[in-house]
Each structure stands twice: as C-alpha cells, then as structure tokens.
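Only one structure is covered here, and it is reproduced in the block below.
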Amino acid sequence: MKTKHLVLSTALLSVSGISLTNVFSTDPEIPTGSLSAYPTIVQTGTHPTLTWSITHPEVIDDVVDIDPPGTTIPKETLIMDIRVVGASVKRVWLDRRGRVTDWEWVPTECKFSYNNGSYQRIFYDTQDDVNPDQVVYSRTVYKDKPLNFGGRYLEYGGGWSTFYSSTNCDHNVIALKNGDNPPDVGALYGQDTVEDFLRPYMDNQGNISIGPKDVIYLVELTHTNMNDGGFDLQDLVILATFRKP
35 MKTKHLVLST ALLSVSGISL TNVFSTDPEI PTGSLSAYPT IVQTGTHPTL TWSITHPEVI
95 DDVVDIDPPG TTIPKETLIM DIRVVGASVK RVWLDRRGRV TDWEWVPTEC KFSYNNGSYQ
155 RIFYDTQDDV NPDQVVYSRT VYKDKPLNFG GRYLEYGGGW STFYSSTNCD HNVIALKNGD
215 NPPDVGALYG QDTVEDFLRP YMDNQGNISI GPKDVIYLVE LTHTNMNDGG FDLQDLVILA
275 TFRKP
C-alpha cells in the first residue's frame, strides 16, 4: 500500500523520563540572614542593640534580561549550563486512509549563538537518547552579550529542515522563566496542548514553575503559522541554568 512521510512532534515529557529534581538550579530558595546583639550581657532594665541583615535569594530577573521572544542577555558574568529536556520530532508513515502505519524519532540539532556570533552545535540526537539530567554545554557568559538558541531536524531525504532560531523568526523560539504563563497554541494529532505538556513545570495557577535562575526555551521546528494545529512548541525544549562563577 502506498504511504507518505510526515514529520510531527509528540508530547515528549511523557516518554523522556525527566527527573525534575535534578535539572533545576540548586541555589537556596529561601532568605538567609544573621542577627547579633551588643552588648551580649546587660543589666536588668537595659536592652542590647540588635543588628540584623537579610539576604534574599537571586531570581532570574536579577541576573539576566529576556528580550522576547527568545533572546537572553546577562546582566553580569555568569556560568550557563544547558540541558536538553526533549527533542521530540517524529516521522510517521500514513496509509491512504491517514492511519499511522509506522514511525521513528528524527535526529534533531540544537545550536547556540553567543554575542550575535555564528551558531554552533551543542546537541544532536534523537528523543530516545535524550538525557535531561546531562549538561550538554556549559560556558561563562558576560554582561550584555546576547544568548540565542535555534534548531533543525534531519529530513527524510537526508537534508536539513529550515533552521529556526530566536534571531530569524518571531514565534518559533520562546523563552520562559519561573512565574511566566506559557503560550496557548494548538495541538497535533490529538496530543496535549503546550500547557499540558509543561504541567510538571507548572504551579497550581498554571504558571511556569522552574528553578529561580532557570530559563526554559520552547522551540517549534515543523511549522511557522501559530494558528496551525501542528504549531505546538514541543519539537525542541532547552533548559538553561545560570549560576555565579
């Protein structure tokens, strides 16, 4: 029976076995402080002088700016650790009735650009080999040097798909931080919406819930029309964690 080839993405969190406790920043999330009294010994009826200080933990807005939709700009010198959460482009074969007869994961590439320079590969693999606990790329980044991400996949004939990045398109790469509301876009072949896909990363109010100095990037590689049912921002998902040198 004659078949045809299609490329789509699937809800990768349900298949990638993500350990969320290992991928977020380990910086303390509660205030710390000190309290001292002088003098330490006082007579009845007198009071010591109390001195205290409180240090609140940094959050992502303290260390980077996000220039929508997907460019990140450090405010200071930092170390950036990159993990690929998923690379879920899938190729399917359909029969004449539109039923899936076979499928396979498609090799997907993630590229990174520093300070508006050329894009370099930091990841190339298929979804079944994604390890979200593994740091695939780490480097020191400096104040006011833009950080951009993009991706593409290997097509059936062996050529590359269109490369989409935060510098060459308006909607295909979205950067989100803790507390952000994820975009509401369509679903493909009955899979969950982006909000369902990100549910383990969300709080009870539906906002993104990740580490205080994390940025998560959602990348769409197979469509450009946000109104298309296949535009779901689930083809490539990248987690960046920023920390002090």
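In terms of my numbering, the sequence shown is residues 35 to 279.
Just so it is clear, CB atoms sit at the ideal spot from N, CA and C, and this is done for glycine as well.
Cross-strand partners of residue i (DSSP beta bridge)
{"i": "residue 185", "result": "144, 198"}
{"i": "residue 271", "result": "120, 252"}
{"i": "residue 136", "result": "127"}
{"i": "residue 276", "result": "114"}
{"i": "residue 83", "result": "72"}
{"i": "residue 108", "result": "98"}
{"i": "residue 236", "result": "242"}
Bounding residues of the beta strand (DSSP E) (the contiguous stretch that carries residue i)
{"i": "residue 244", "result": "Careful: residue 244 lies outside any beta strand (DSSP E) and carries neither H nor E."}
{"i": "residue 120", "result": "112-120"}
{"i": "residue 172", "result": "169-175"}
{"i": "residue 158", "result": "154-159"}
{"i": "residue 211", "result": "207-211"}
From the options, residue whose alpha carbon lies closest to that of residue i
{"i": "residue 187", "options": "198, 178, 74", "result": "198"}
{"i": "residue 266", "options": "176, 217, 81, 156", "result": "217"}
{"i": "residue 193", "options": "180, 172, 143, 200", "result": "143"}
{"i": "residue 167", "options": "175, 138, 116", "result": "116"}
{"i": "residue 284", "options": "279, 278, 273, 277", "result": "Only positions 35 to 279 of the chain appear in the structure, and residue 284 is not among them; the question remains open."}
{"i": "residue 69", "options": "84, 78, 213, 80", "result": "84"}
{"i": "residue 128", "options": "177, 138, 243", "result": "138"}
{"i": "residue 93", "options": "248, 205, 155, 204", "result": "248"}
{"i": "residue 195", "options": "271, 82, 141, 135", "result": "141"}
{"i": "residue 260", "options": "204, 102, 271, 71", "result": "204"}
{"i": "residue 280", "options": "277, 234, 189, 206", "result": "Any question about residue 280 goes unanswered here, given that the chain covers just 35 to 279."}
{"i": "residue 271", "options": "95, 71, 262, 184", "result": "184"}
Proximity below 7 Å, CB of residue i to CB of residue j
{"i": "residue 145", "j": "residue 158", "result": "no"}
{"i": "residue 264", "j": "residue 256", "result": "yes"}
{"i": "residue 111", "j": "residue 279", "result": "yes"}
{"i": "residue 104", "j": "residue 250", "result": "no"}
{"i": "residue 180", "j": "residue 212", "result": "no"}
{"i": "residue 108", "j": "residue 98", "result": "yes"}
{"i": "residue 156", "j": "residue 171", "result": "yes"}
{"i": "residue 174", "j": "residue 113", "result": "yes"}
{"i": "residue 132", "j": "residue 164", "result": "no"}
{"i": "residue 161", "j": "residue 200", "result": "no"}
{"i": "residue 254", "j": "residue 269", "result": "yes"}
For residue i, the first and last residue of its enclosing alpha helix (DSSP H)
{"i": "residue 97", "result": "94-97"}
Anticipated Cβ contact below 8 Å, residue i with residue j, distance rounded
{"i": "residue 202", "j": "residue 241", "result": "Not confirmed; about 29 Å, so no contact."}
Any non-hydrogen atom of the ligand SAH closer than 6 Å to residue i Cβ
{"i": "residue 260", "result": "Among the components modelled here there is no ligand, and therefore nothing to report on the ligand SAH."}
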